[in-house]
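Count along the sequence shown from 1, add 2, and you get the number used in this note's numbering. Scroll down for the structure; my scribbles are underneath it.
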Amino acid sequence: MFSVTRKLALASMAAFLINSALQPADAQTFTPSRFTVEVRGEGPDVILIPGLGSSRDVWSAQADALAATHRLHLVQINGFAGQPVGAPAGQIIQPVVDELSRYIEANDIERPAIIGHSMGGLTGLMLARQHPESIGRLMIVDALPFFSGMFGPHVTATSVEPQARAMRDQISGMDDAAFIAQQNGGIGRLVKTEGRRAEVVAWSAASDRAAFAGAMYEVLTTDMRPEVAAITTPITVVYAYDAAMGPEAMIDGLYRGQYAPAPNVSFVRIDGSYHFIMLDQPAPFQTAVADFLR
Numbered sequence: 003m004f005s006v007t008r009k010l011a012l013a014s015m016a017a018f019l020i021n022s023a024l025q026p027a028d029a030q031t032f033t034p035s036r037f038t039v040e041v042r043g044e045g046p047d048v049i050l051i052p053g054l055g056s057s058r059d060v061w062s063a064q065a066d067a068l069a070a071t072h073r074l075h076l077v078q079i080n081g082f083a084g085q086p087v088g089a090p091a092g093q094i095i096q097p098v099v100d101e102l103s104r105y106i107e108a109n110d111i112e113r114p115a116i117i118g119h120s121m122g123g124l125t126g127l128m129l130a131r132q133h134p135e136s137i138g139r140l141m142i143v144d145a146l147p148f149f150s151g152m153f154g155p156h157v158t159a160t161s162v163e164p165q166a167r168a169m170r171d172q173i174s175g176m177d178d179a180a181f182i183a184q185q186n187g188g189i190g191r192l193v194k195t196e197g198r199r200a201e202v203v204a205w206s207a208a209s210d211r212a213a214f215a216g217a218m219y220e221v222l223t224t225d226m227r228p229e230v231a232a233i234t235t236p237i238t239v240v241y242a243y244d245a246a247m248g249p250e251a252m253i254d255g256l257y258r259g260q261y262a263p264a265p266n267v268s269f270v271r272i273d274g275s276y277h278f279i280m281l282d283q284p285a286p287f288q289t290a291v292a293d294f295l296r
């Protein structure tokens with residue numbers, strides 16, 4: 003009897019070891035080196051990606067509203083808003099895209115909804131193009147396939163590169179006081195609500211300077227327009243408008259024009275807002291998010 007029992011135990015152990023060996027390595031060993039994730043709530047999966055220099059706290063109002071019905075994966079990109087850089091210096095956006103795909107696979111997340119703001123929206127767009135099997139739908143918040151297209155219709159990634167490089171090098175060389183002064187000088191064009199500006203500046207100030215400058219360079223020189231037509235993932239583009247930006251037709255044309263080749267795209271314009279729509283117009287933005295997730 004002892005021999006039979008021992009054989010059964012050994013057989014069970016062997017089966018366990020074989021089964022473990024056959025599991026994907028990522029499921030046991032993958033830890034992102036380019037970002038951290040805070041998981042909240044239960045339900046369908048939603049991954050939220052903040053923008054350049056931003057904290058995951060930019061989504062705090064949406065997270066509080068959604069955590070009762072969804073499982074949220076709040077991404078914090080390393081090097082931003084006080085998060086240590088962690089990974090070796092180099093490209094930022096493409097490694098984040100690659101690791102997001104691995105994170106989704108390793109955690110058996112089935113075709114999550116992705117919501118990305120600014121650089122996070124560009125990241126989501128690249129993820130949808132390169133790993134369409136990884137995601138179910140995509141909300142892009144105030145981001146373009148080619149950010150530098152805002153500078154004019156004839157601008158290309160090649161033509162803007164010297165300017166982007168100069169901006170990167172200038173920011174990398176700034177001391178803290180000069181960088182904070184620059185951020186304070188520009189925040190009034192990004193956040194309309196005066197009471198929310200200080201926290202956004204604080205996130206940028208706490209970011210690693212080289213990571214911030216390098217990611218900005220990547221955003222300015224990445225042109226996804228030739229790829230948009232091949233993206234089959236359903237896309238919702240939420241973009242801001244305020245009279246201070248210029249004529250409505252100009253802003254509408256910019257966003258709708260760049261995304262026009264996408265086979266499955268819809269648009270939501272939120273008025274009375276600048277770039278940080280979730281801070282300037284939280285109620286209309288939450289409505290747009292709820293509609294997107296239905």
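For glycine and all other residues, C-beta sits at the position ideal for the given N, C-alpha and C.
Query, Result
"Residue from M176, D225, D171 with nearest C-alpha to G216", "D171"
"Buried or exposed (CB count within 10 angstroms, at least 16 for buried), H156", "exposed"
"CA nearest to the CA of V240, picked from D177, E40, D273", "D273"
"Validate contact between the region 145 to 155 and the region 75 to 94 using beta carbons, cut 8 Å, 3 pairs", "no"
"Bounding residues of the beta strand (DSSP E) (the contiguous stretch that carries F37)", "37 to 42"
"Segments of 3+ residues assigned as beta strand (DSSP E) that fall wholly inside the region 88 to 128", "115 to 119"
"Short Cβ contact (9 Å threshold) for H72 with D110", "no"
"Beta-carbon spacing of S62, E107 below 9 Å", "no"
"Residues that DSSP places opposite H72 in a beta bridge", "H72 is not bridged to any residue."
"Residue range of the alpha helix (DSSP H) that includes L336", "The requested residue 336 does not occur in the structure, where the chain is confined to residues 3 to 296."
"Straight-line gap, S57 to L76 (C-alpha atoms, nearest Å)", "10 Å"
"Start-end ranges of the alpha helix (DSSP H) lying completely within the region 220 to 293, minimum 4 residues", "250 to 261, 279 to 282"
"Contact set for A200: own chain, Cβ-Cβ below 7 Å, skip 5 residues either direction", "none"
"Coil, strand or helix - R139 by DSSP", "strand"
"Candidates T195, E112, R271, I182: closest to M252 by CA position", "R271"
"Status (buried if at least 16 other CB within 10 Å, exposed otherwise) for T224", "buried"
"Proximity below 9 Å, CB of G122 to CB of P52", "yes"
"Buried or exposed by the 16-neighbour rule on C-beta atoms within 10 Å, applied to S161", "exposed"
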